Amino acid sequence: MKEKVAEVLEKVRPVLQRDGGDVELVEVSDDGVVLVRLKGACSGCPGATMTLKAVIENLLVKEVPGVTKVVGV
Numbered sequence: 109m110k111e112k113v114a115e116v117l118e119k120v121r122p123v124l125q126r127d128g129g130d131v132e133l134v135e136v137s138d139d140g141v142v143l144v145r146l147k148g149a150c151s152g153c154p155g156a157t158m159t160l161k162a163v164i165e166n167l168l169v170k171e172v173p174g175v176t177k178v179v180g181v
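Sequential numbering of the sequence shown, starting at 109, is according to the numbering used here.
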């Protein structure tokens, strides 16, 4: 599952990089929780929570069977 999560994050990465940010995959747990670290401009951005939930989590839950939620670390 971790490889598929990484593939999907590659789809999101260009959007984040356009705004000076990035995303790092930290871990994928056995129960489907994905831990990510927002980097660069995204790390302190007021919209980081929205980006995490509305963009990254929605895409991963939709495209990767078994993913239940995404948590920023």
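By construction, the Cβ of each residue, glycine as well, lies at the ideal position given by its N, Cα and C atoms. Please read all numbers here as calculations on a predicted model, not as lab measurements.
- DSSP places LYS147 inside the beta strand (DSSP E), whose first and last residues are 141-148.
- Counting along the chain, VAL136 sits inside the beta strand (DSSP E) bounded by residues 129-136.
- With a contact defined as Cβ atoms closer than 8 Å, LEU133 and LEU117 qualify at about 6 Å.
- For VAL178, the enclosing beta strand (DSSP E) begins and ends at 177-180.
- Exclusion of the five residues before and after LYS177 leaves VAL141, GLU165 as the residues of its chain whose Cβ lies within less than 7 Å of its Cβ.
- DSSP places VAL169 in the helix class (H, G or I) of the three-state scheme.
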